[in-house]
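Written out below as structure tokens is the structure these notes cover.
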């Protein structure tokens, strides 16, 4: 008998129950859930610019944020660079490691 499997097996995670497994999973997911919560709160408060304000002068120089901001009135794409970099700096730690040569 040939069994056609259309759907992929799924595992549902119930974080409401308080048992040993869910406590461990909640501990593992604490950091990503907190990060997602911070991002969502910033978006709803329309305060995504706060991420840019947290960058230091070196990051702004190395990444060219100051230059992009100075060109934002002339080039619409330059307006998006600063928030994009700030978001990735906040979200993706691999971007932080690429500044070592300049320093």
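Residue numbers (our numbering): 2 to 104.
No residue lacks a Cβ here, since even glycine has one placed at the ideal position from N, Cα and C.
The beta-carbon distance between residue 31 and residue 16, rounded to whole angstroms, is 11 Å. This is too long to meet the 8 Å contact definition. Under the rule that a run must span 4 or more residues, the alpha helix (DSSP H) segments found entirely inside the segment 15-61 read 21-45 and 50-54.
Residue 79 sits close to residue 73, with the two beta carbons spaced by under 9 Å. Straight through space, the alpha carbons of residue 55 and residue 92 are spaced by roughly 13 Å. Between the alpha carbons of residue 35 and residue 49 lies a distance of about 16 Å. Between residue 84 and the set 44, 18 and 33, the nearest pair of CA atoms involves 44. Under the three-state reduction of DSSP output, residue 76 falls in the coil class, being neither helix nor strand.
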